[in-house]
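Notes for the one structure printed next.
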Amino acid sequence: MWYLGETHTRGGRCAPLSSCCLFFHRDDRFRRLWGDGSIKSMSVRVRFAPSPTGNVHIGNIRAAIFNWLFARHEGGAFLLRVEDTDLERSTDEAKATLREAMAWLKLDVDGEVMYQSQRREAHLAAAEQLKAAGAAYTLQRGKDEEAALFFQIPWTIEAYETVGPASLDVHPAVPVTISRGGIQYAVLSKKGKPVDESGCLAGFKGLRLLDSTGECLYALEPSLEAVQAGQADFTVEKVVRMEFEQRQVVFDDLVKGRMTKPLDGIKDLVILRSNGSPVFHLANVCDDAAQAITHIIRGDDHVENTFRHIALYHALGVTPPAYAHLPMIVNAQGKPYSKRDGDAYVGDFQAQGFDPEALFNYLTLLGWAPGDDREKLSRDELVAAFTLDRVRSAPSQMDLRKLAHLNGQYLAELPLETFMPAARAALAQQEWGREVDEALFRSVCALLQSRTQVYPDVATWCYFFSDELTYDPKGVRKFLQREGIGQALAALRERLADESFEAAAIEATIRAVEIEHEVPEGKLNQSIRVAVTATTIGAGLYETMELLGRERVLTRLDYAVEALCTRDE
RNA sequence: GCGCCCAUCGUCUAUCGGUUAGGACUCCAGGUUUUCAUCCUGGCAAGAGGGGUUCGACUCCCCUUGGGCGUGCCA
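Note that our numbering has the first sequence beginning at 6, numbered continuously upward.
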C-alpha cells in the first residue's frame, strides 16, 4: 500500500458536505467500516462515473475495468456513479445500456449506485458553503443576465509550491486589469501583436506592474484583501512588464508521476451557471467527496481539470484523493475515437460476437502489462497482478486481429453448452442457418468450436447445413482440375456407397482408392475436401464427412466429378 | 498562441544505466498432422532526430520534430 500512507490520509472529513453523511448511512459498506464515525480502515474506494448516453465507449469501459481491477486487487470498493445531469440524453434506456455493458463484462458494483441528478441539493449546498467562506463570487456576464457563481482559486493551499520569481513582457497598449476575477493582460506575439491572457489572482503573488522606465505602477499586495473581497479593482495603463512570484499546483499522479501546472495559467471557474445549475467540476468533486473516493482513476483527458479540482477540494475542506490518469485508446489511424468511429462501443463488440472475458482480458493489455510474458490471464490472475504503477502513459490503439486471436483462445475453452447458444445466434444471421437440425448442429459445434476465432466465423459452416455451395475457385483449380482426380473421386464415390460411413472406415476407403489410382498417400484428401465442402480449410476430413452423412457426400462427389473435375480421359 | 502530457518492431508490450533490445498479434518459410486447423521450429521487423551527463544510455537531462489533451456558463 505504498501510495496510501502519505499522499492520502483521508481524515473522514466529510463534515462540510452535510449531505454526504446522508449518503453514507445508506451504504452498508460504509457502516461496516466507519459506522461509529471513526476511521478503522484505509480501505480503497474507487468509482466509475460515466454519463449515460446510450452507448458505452470502449475507452470508458477500459477506465471502468482498471478501476474495478484496482479495487479488487486492493480489497476495496468499486462504486458506480451515474452522471445523469444531462436529462435529455440520460434516458432510462441509456442507463439500462450502461448497466448491461457492465454486467456483460462482470464489473460488479459495490454499495448503492449514486445518481448525480439526485444530488443537486448537495451541489448547491457546497456552492453555498464556498460562497459563505468567501471562496466564490458572483459575476455577471451581460447586463441583463443573471450572475454565475465563480470559484476563486484559493490564495494558499498545501498543494501549491513556489517556482520562483517570474516576469512577463506585456503589451503596453492593452491595460492590465486586476479584480476579484483575476488578472487580465496581453502579452506580445512573435509579430508584436497583443495576445490576451488571464489568470487567477493567486497566480500572481507579489505582483508588480512596471512601466518602460522600470518604475512600479502598481503592487498587488497592499490592496490584496480588498481585491479578493471584490471591494476594489484596478486598471493600469502603459504596463510593459509584470513581475511576480510564480507558484504551481502539484500532485503526484499514480501513473504519470509528479504533475505541475503554473497557477498563473489557471483561471477561476464557473461552478453555478447563471441559471443556477451546477457545472461538472462542482458536481464531480462534490460527489467524489461524498462517496469518499480515495483514488480517481480516469482518462488523461482530465489531467488539466485535476489542478483545479484539487483547489476545489481544499476550499471545501476535503483532502483530495489520489489520482491515476490513464492513456487514451486511439483508433487505427492513431487518432482518438470520435463518435463517428464504428466498433468503438462495448455493445458493438458484444454484437460482433466477442467473448466478454476475452474483451476484458484484451482491454487490460491496452496500457498495462503484467511485466512477464503472460498475455492470456484469468480474472483472478489479473486481479492479483494489477497495479497502477505498471500502467503506461502513452496512448495505445486497438488491434482487432489480436483481439480476435485472444477471443479464439477463449472460445476454445468454453463449455460446449455455453458455446452453442452463441454459435446458434451467429448462425441465425445466415439464411441457411435459421433452422438447423439440433443434433447435427451440436456435432458441428463440437467439431469446430476449437477453431472458431469469433462467432461470425460460423458463416463458414455453410456446407454442413446447406446444399447451395460456393466453390472456392482456387481450390477447384488446384485440387479438382488435375489429371486423374475425377476418376479417383468417382471410384471413391462407388466404394463409399455401400461401406460403413464412420470416420475410420472412410479413411481406410480413401487410402485404398489412393493405392488403386496411384495417388500418393494423403494427396487425395484436399480434393475430396473441396468436392464435399467447397473449401480448402475445415476440420478433420474424415470426421467432417461422417457428419455430412453418406447422402450429401455422394451427391457432392457426383457433382464434382460431373461439373468440376477436368474431363481429360 | 500559451499550458500540460506522450514517444521501443506495422500493432500491443518487456526493459526500472551494462541484454545478440525479449514476448505476443500479423505476415513468410519449414516441420508435425498420411488431410485441414491447432501445434512446434525458424524468419522479417523497433529505441523519431540532435546535443549533453556517464567508463557505459532505449533507460537520466536539454533542445528539435511529431502526436494527444486542455485553454467553455460541455462533460
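All residues carry an ideal CB built from backbone N, CA and C; glycine is no exception.
Residue i, buried or exposed, once every other Cβ within 10 Å from all chains shown has been counted against 16
i: SER48; result: buried
i: ILE520; result: exposed
i: ARG263; result: exposed
i: GLU567; result: exposed
i: ARG439; result: exposed
i: ASN412; result: buried
i: PRO326; result: buried
i: VAL114; result: buried
i: SER95; result: buried
i: VAL323; result: buried
i: ALA349; result: buried
i: GLU98; result: exposed
i: ASP360; result: buried
i: GLY64; result: buried
i: GLU556; result: exposed
i: GLN121; result: buried
i: GLN454; result: buried
i: GLU551; result: buried
i: SER532; result: buried
Rounded distance between the beta-carbons of residue j and residue i, thought under 8 Å
i: LYS243; j: HIS330; result: LYS243 to HIS330, Cβ: 43 Å. No contact.
i: ASN328; j: ILE301; result: The displayed chain sequence assigns Tyr, not Asn, to residue 328. Contact flag correct, Cβ pair sits at about 5 Å.
i: ARG168; j: GLN253; result: Arg is not the amino acid found at residue 168; the sequence shown has Val there. Their Cβ separation, rounded to whole angstroms, is 5 Å, which keeps VAL168 and GLN253 in contact under 8 Å.
i: ILE158; j: ALA363; result: Not a contact, Cβ separation roughly 46 Å.
i: ASP269; j: GLY211; result: Not a contact, Cβ separation roughly 12 Å.
i: VAL61; j: GLY352; result: 7 Å
i: GLU88; j: ALA54; result: 5 Å
i: PRO267; j: GLY208; result: 7 Å
i: ARG52; j: ILE298; result: 5 Å
i: VAL200; j: VAL175; result: Actually they are not in contact, since the Cβ atoms of VAL200 and VAL175 sit about 10 Å apart, beyond 8 Å.
i: LEU135; j: THR143; result: LEU135 to THR143, Cβ: 11 Å. No contact.
i: LEU214; j: LEU222; result: 5 Å
i: LEU370; j: PHE75; result: Rounded, the Cβ-Cβ distance is 16 Å, inconsistent with contact.
Residue from the options whose Cα sits closest to the Cα of residue i
i: PRO400; options: PRO375, GLU133, GLY438, ASP306; result: ASP306
i: GLY358; options: THR96, LEU74, ALA496, TRP109; result: TRP109
i: PHE156; options: ARG146, ALA132, ALA178, GLU163; result: ALA132
i: TRP466; options: PHE506, HIS410, ILE542, LEU215; result: ILE542
i: VAL255; options: ARG278, GLU309, MET247; result: GLU309
i: ASP293; options: HIS128, ALA140, GLU548, GLN492; result: HIS128
i: ASP91; options: ALA496, LEU453, ARG534, SER282; result: SER282
i: LEU501; options: ILE515, SER471, GLN492; result: ILE515
i: GLN123; options: LEU215, ALA295, GLU523, ARG406; result: ALA295
i: TYR468; options: PHE446, SER455, GLU488, LEU485; result: PHE446
i: VAL388; options: ASN289, GLY80, GLU436, PRO57; result: GLY80
i: VAL459; options: GLY438, HIS522, ALA427, SER95; result: ALA427
i: GLY139; options: VAL118, GLU126, TYR120, ARG185; result: ARG185
i: ILE188; options: ASP273, LYS196, LEU85; result: ASP273
i: ALA493; options: PRO478, LYS528, LYS483; result: LYS528
i: LEU474; options: VAL245, VAL537, LEU421; result: VAL537
i: ALA513; options: ALA68, PHE484, TYR547; result: TYR547
Host alpha helix (DSSP H) of residue i (start-end)
i: GLU567; result: GLU567 -> no alpha helix (DSSP H), and no H or E assigned at all.
i: ILE515; result: 508-521
i: VAL537; result: 530-538
i: ILE63; result: 63-79
i: ARG498; result: 490-502
i: LEU135; result: 125-137
i: THR102; result: 97-109
i: VAL388; result: 384-390
i: GLU548; result: 546-553
Boundaries of the beta strand (DSSP E) in which residue i is found, first to last residue
i: LYS210; result: 210-215
i: SER184; result: 181-184
i: SER172; result: 165-174
i: GLU362; result: Run containing GLU362: none in the beta strand (DSSP E); it sits in the alpha helix (DSSP H), 361-369.
i: GLN189; result: 187-193
i: ALA153; result: 153-156
i: ALA82; result: 82-87
i: ALA140; result: ALA140 -> no beta strand (DSSP E), and no H or E assigned at all.
i: ASP201; result: 199-204
i: ARG50; result: 50-53
Near the ligand ADP: residue i beta-carbon under 8 Å from a heavy atom
i: GLY116; result: This structure lacks the ligand ADP, and indeed carries no ligand of any kind.
Query raised in the report: Hey, which unbroken runs of the alpha helix (DSSP H) at 4 residues or more fall wholly within the region 419-482?
Result: 421-432, 443-453, 467-470
Query - beta strand (DSSP E) runs wholly inside the region 297-351, at least 3 long, in chain order - result: 300-304, 327-331
**Report entry** Residue ranges of each beta strand (DSSP E) within the region 223-298, 3 or longer
**Finding:** 239-241, 246-258, 262-267, 274-277
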